[in-house]
Each structure stands twice: as C-alpha cells, then as structure tokens.
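S.K.:
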C-alpha cells in the first residue's frame with residue numbers, strides 16, 4: 177500500500193487499488209478487521225521509536241505541536257464529518273488532526289513524531305462546555321449524557337486538551353529514555369493558551385513557549401467607569417523592561433522589510449498561583465508603521481530577564497512554521513486530503529499512515545547532499561540538479577512504477593522485445 181501511495185501520490189483507496197480484491201484488502205488493513213491492522217497508535221509508536229537515535233546527541237529538542245484541518249469540501253456522507261475552515265476561513269466539512277514534530281535548537285533536522293486525527297462529532301470527543309455541564313448535572317440532552325458517561329467509564333473519551341497531554345507525555349518519555357539530559361522545549365500557537373497545558377508542561381519538567389490569545393487577562397487591576405475593579409488584558413498591561421533591535425533587512429510573514437525595528441518587552445504574570453514570563457513583541461517598518469496589527473504575546477516558563485532571552489523566546493516560537501511546511505507536503509505531495517472513504521476508522525488510519533510516510537522523507541533530508549543514490553533518484557524525479565523532498569518523491573514514484581511494470585511483464589510473460597515494440601508503435605521509443 178505504501179508503494180502505491182508514493183507512486184500515485186494519492187490517498188484514495190480506489191485509485192491505489194488495482195482491483196476490487198486489492199481494495200478490500202487495503203480497506204480491511206485500515207478498518208480494524210484484521211489482526212495486522214495499520215492503526216494510528218501503532219504508527220505513532222513506530223514513528224516515535226524510529227527517532228530514538230536522533231534524540232541521543234541533542235542538548236536541546238524543540239518539539240512543535242500544531243493542529244491541521246483535513247478538508248473534505250465535497251464530502252457529505254462520510255462518518256463523523258465535522259466543520260473545519262477552508263483557506264477563505266469559511267466552514268466546510270472535514271476532519272481535524274493534531275501533529276507533533278521536532279527540530280534541533282537551530283531549527284534544523286526536522287523529524288515527525290506523532291499525528292492524531294479526530295472529529296468533534298465523534299461520540300467520544302468531549303467538548304469542554306458539554307463536559308462541564310455533564311459534571312454539574314446540567315446537560316439537558318440525556319442521550320448525549322449517556323454517551324459521555326460511556327466515553328468516560330470506558331476510558332475512550334478525549335478532546336484536544338487530552339490529545340496535547342498525550343502527545344507531550346509520550347514524546348517526553350521517548351526523549352528522556354534516549355537522552356535523560358536533553359532539554360525539551362514545547363512550542364504552541366495561541367489555540368493552546370491554556371492553564372492546564374502550562375501546568376502539564378511544567379510538571380513534565382519541560383520548557384514551553386505558547387502564543388497568547390488576545391483576550392488573555394493579566395493580574396493587574398484597574399477601576400472601570402462603574403467603580404468595579406477588573407483585570408487588564410495582557411496586551412494592554414504596562415511592561416517595565418524592554419529594548420529595541422534594529423534590522424537592516426528582515427523577513428516577516430513572507431514579506432521583506434528594510435531598516436525595520438523590533439521592540440521586545442518582558443514581564444512576569446501570575447496565573448493560578450504560578451509565575452510565568454511574558455514577552456511582548458512589536459515590529460515597525462522604516463516609516464514607523466506597525467508590521468503586526470496587534471502585538472505578539474508569548475508566554476513561557478523560562479525566566480526572561482534580558483533582551484537575549486526575549487529574542488530567543490521569539491525565535492523558538494518562529495520555528496513553529498516548520499510544521500506548517502510538513503502539512504503542505506502531506507497535502508500537496510502525498511494527497512492527505514484526497515481519500516473519499518466514508519469509514520471513519522479508515523480515514524483516521526490513512527491520515528496517520530501518510531504522516532508516517534512523510535516522516536521517512538524528512539528523516540533522509542540530512543543525507544540529501546551526501547548520498548549518491550538519493551542524488552540520482554532526485555534526478556530521475558525531474559530535479560535537474562536540485563535535491564529536494566519533492567523531486568526525491570517523484571523519483572521514488574518512477575522507480576516503483578518501473579518495479580510494478582516489471583512485475584506485470586513477468587506475470588504476463590511479456591518479453592523486452594514486445595515492450596520495445598509497443599513503445600515504438602506509439603512513438604514512445606528511445607529518443
């Protein structure tokens with residue numbers, strides 16, 4: 177199946193299966209009806225274990241966690257479809273996923289670690305608000321209350337927060353087993369600005385950097401017009417420590433700026449009895465205009481007391497863009513969103529399988545300029561001197577198709593002369 181995924185660069189089981197029998201075998205391998213099923217958890221365990229050697233010599237491991245929508249705009253009948261955002265920020269059908277990858281402290285040597293597809297319409301998915309109502313015995317939908325009870329008692333209940341905790345716990349355990357002295361830094365976007373995540377990371381002994389939500393409040397109070405005290409939003413809080421950095425040339429959000437200025441400020445904030453550092457970042461162009469509409473706020477459990485630390489926190493957060501490149505590779509090159517299977521288990525396992533396959537191409541990236549075999553495979557894939565994952569994948573696809581063709585010729589007892597005759601007849605000769 178993996179050969180077909182690579183050779184066709186499609187994840188549609190109908191496309192990668194030669195006949196009904198092969199389609200049935202592939203489907204059963206993914207739907208859980210066989211003992212040798214390819215499921216998400218087995219693939220995640222294998223993917224993480226494959227990186228044990230990678231962790232051994234690393235002083236720092238920066239782990240990137242990010243969700244990605246798997247868009248199914250034209251799907252209507254598939255199991256457990258939920259709502260996701262398309263590129264125009266409109267709601268369409270699809271599935272969701274949480275993925276984790278890591279880089280070294282320089283942002284190099286990307287490795288894929290874990291992928292968990294899910295749906296918010298899955299009966300085992302426990303939305304925070306409905307779970308709170310259930311626990312307070314205020315959930316009006318009694319059928320849903322029964323589903324939640326079953327999910328909790330069976331241990332199958334989950335939500336995005338529990339997936340994050342599972343990812344970080346599993347990954348941290350593997351890294352510590354390989355390298356007990358490695359410093360682990362987990363990096364998140366603003367969707368994970370959550371006190372439970374902060375506490376979980378600190379309890380694991382990890383460092384973290386999380387982009388704060390714009391509505392996050394500080395522990396500073398002000399008196400409003402009604403005479404009541406209220407907490408000031410963190411972005412409006414006064415920061416008493418900071419410095420400026422001038423850039424002759426810099427690139428932000430894909431745009432290059434000349435003579436730009438960065439203003440880094442830092443402060444402490446108390447959240448549920450624990451002290452964290454907050455770094456506030458603003459950038460200005462040469463005319464003094466804000467490059468970001470709103471300041472960027474980053475929360476971390478690292479002690480930030482000087483400009484260099486504030487800059488490092490920002491640079492760590494910027495490494496998050498690396499995993500977005502992984503999503504693009506999975507979608508555009510490996511067909512992450514192509515499958516049209518209605519079975520939810522098959523969809524989940526196929527999404528994880530593609531992430532697993534992508535992990536191989538990122539793993540060999542370090543060898544791209546050293547391995548002569550990789551060099552000619554990229555050339556076969558149309559690289560014309562360039563050695564990239566895209567051209568390597570194309571080269572592998574050519575090799576696999578060549579292998580499949582040879583197997584077919586042997587099975588059908590077709591001689592090389594017959595092949596050449598067929599090529600020459602249709603003007604595909606050796607020109």
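In our numbering, the protein residues as written are 177 to 607. Just so you know, even glycine gets a beta-carbon here, dropped at the ideal spot from N, CA and C. Every value quoted in this text rests on a predicted model; they were computed, and no experiment measured them.
List in chain order: all unbroken alpha helix (DSSP H) runs of 4+ residues lying wholly within the segment 533-593.
M.R.: DSSP runs (the alpha helix (DSSP H)) wholly in the segment 533-593: 548-556, 565-587.
S.K.: May I ask which residues mark the beginning and end of the alpha helix (DSSP H) holding residue 412?
M.R.: No alpha helix (DSSP H) holds residue 412; DSSP gives it neither H nor E.
S.K.: Give me the residue from 344, 415, 188, 278 with the minimum Cα distance to residue 500.
M.R.: The shortest C-alpha separation from residue 500 is found at 278.
S.K.: What runs of the beta strand (DSSP E), each 3 residues or longer, lie entirely inside the segment 233-298?
M.R.: Qualifying beta strand (DSSP E) stretches, in chain order: 236-247, 258-261, 267-279, 287-294.
S.K.: Any contact between the segment 508-519 and the segment 578-587? By contact I mean 3 or more CB pairs, one from each, below 8 Å.
M.R.: Counting Cβ pairs under 8 Å, fewer than three are found: no touch.
S.K.: Tell me, which residues are paired with residue 466 by DSSP?
M.R.: Answer by DSSP bridge pairing, in chain order: 460.
S.K.: Assuming residue 298 contacts residue 270 (C-beta within less than 8 Å), just tell me the rounded distance between them.
M.R.: Rounded, the Cβ-Cβ distance is 13 Å, inconsistent with contact.
S.K.: At which residues does the alpha helix (DSSP H) containing residue 511 begin and terminate?
M.R.: That residue, residue 511, is in no alpha helix (DSSP H); it is neither H nor E in DSSP.
S.K.: Grab me the residues of residue 354's own chain with a C-beta within less than 6 Å of its C-beta, minus the 5 sequence neighbours each way, in chain order.
M.R.: Hits under 6 Å: 228, 231, 232.
S.K.: Work out the CA separation of residue 287 and residue 539 for me, nearest whole Å.
M.R.: Their backbone Cα atoms lie some 6 Å apart in a straight line.
S.K.: Just the C-alpha distance for residue 535 and residue 502, rounded to the nearest angstrom, thanks.
M.R.: Rounded to the nearest angstrom, the two C-alpha atoms are 9 Å apart.
S.K.: With 16 as the cutoff for other CB atoms within 10 Å, does residue 606 come out buried or exposed?
M.R.: Here residue 606 scores only 49 on pLDDT, less than 50, and its place in the model is too uncertain to base an answer on.
S.K.: Distance check for residue 570 and residue 275, CA to CA, integer angstroms please.
M.R.: Between residue 275 and residue 570, the C-alpha separation is close to 25 Å.
S.K.: Please classify residue 319: does DSSP put it in a helix, a strand, or coil?
M.R.: Helix, per DSSP.
S.K.: Within its chain, find whatever has a CB closer than 7 Å to the CB of residue 327; leave out the 5 residues flanking it on each side and keep chain order.
M.R.: Excluding positions up to five away in sequence, the list reads 299, 300, 302, 333.
S.K.: Output the distance between the C-alpha atoms of residue 477 and residue 486, rounded to the nearest integer angstrom.
M.R.: Cα to Cα, the separation comes out at about 12 Å.
S.K.: To the nearest angstrom, how far is it from the Cα of residue 267 to the Cα of residue 248?
M.R.: When rounded, the distance between both Cα atoms is 11 Å.
S.K.: With burial defined as no fewer than 16 other Cβ atoms inside 10 Å of the residue's Cβ, what is the status of residue 314: buried or exposed?
M.R.: Classification of residue 314: exposed, given that the 10 Å Cβ count is below 16.
S.K.: When you compare only the Cα positions, how much space is there between residue 493 and residue 361?
M.R.: Rounded to whole angstroms, residue 493 to residue 361 spans 10 Å at the Cα level.
S.K.: Figure out for me which residue from 551, 574, 573 has the closest Cα to the Cα of residue 564.
M.R.: Checked all of 551, 574, 573; the closest Cα to residue 564 is 551.
S.K.: Identify which residue in 207, 263, 572 has its Cα closest to the Cα of residue 255.
M.R.: Of the candidates 207, 263, 572, the one whose C-alpha sits nearest the C-alpha of residue 255 is 207.
S.K.: Under a Cβ-count criterion, where at least 16 other Cβ atoms within 10 Å of its own Cβ denotes burial, should residue 598 be classed as buried or exposed?
M.R.: That one is exposed.
S.K.: For a test of the three-state rule: what should DSSP assign to residue 337, helix, strand or coil?
M.R.: Note: residue 337 maps to helix in three-state DSSP.
S.K.: For residue 337, which residues in the same chain have their Cβ closer than 8 Å to its Cβ, ignoring the five residues on either side in sequence?
M.R.: Contacts found: 304, 370, 372, 373.
S.K.: Quick check on residue 505: does DSSP put it in helix, strand or coil?
M.R.: Looking at residue 505 - three-state DSSP - the assignment turns out to be helix.
S.K.: Have a look at 504, 340, 446, 482 and flag the residue whose alpha-carbon is nearest the alpha-carbon of residue 263.
M.R.: The shortest C-alpha separation from residue 263 is found at 504.
S.K.: If you check the beta carbons only, do residue 455 and residue 440 fall under 9 Å apart?
M.R.: Yes; because the gap between Cβ atoms is below 9 Å, this pair is in contact.
S.K.: Please work out which residues of its chain come closer than 8 Å, Cβ to Cβ, to residue 562, disregarding the five sequence neighbours upstream and downstream, and give them in chain order.
M.R.: These residues qualify, in order along the chain: 554.
S.K.: Measuring CA to CA, which of 351, 422, 524 is closest to residue 205?
M.R.: That would be 524, whose Cα lies nearest to the Cα of residue 205.
S.K.: Pull up the distance between the alpha-carbon of residue 407 and that of residue 395, whole angstroms please.
M.R.: Approximately 6 Å, taken between the alpha carbons.
S.K.: Could you give the distance in angstroms between the alpha-carbon of residue 602 and the alpha-carbon of residue 194?
M.R.: So the alpha carbons of these two residues sit roughly 24 Å apart.
S.K.: State buried or exposed for residue 323, treating a residue as buried only when at least 16 other CB atoms are found within 10 Å of its CB.
M.R.: Buried: at least 16 other Cβ atoms inside 10 Å.
S.K.: Look up residue 213 in the DSSP assignment and say whether it is helix, strand or coil.
M.R.: DSSP places residue 213 in coil when its eight states are reduced to three.
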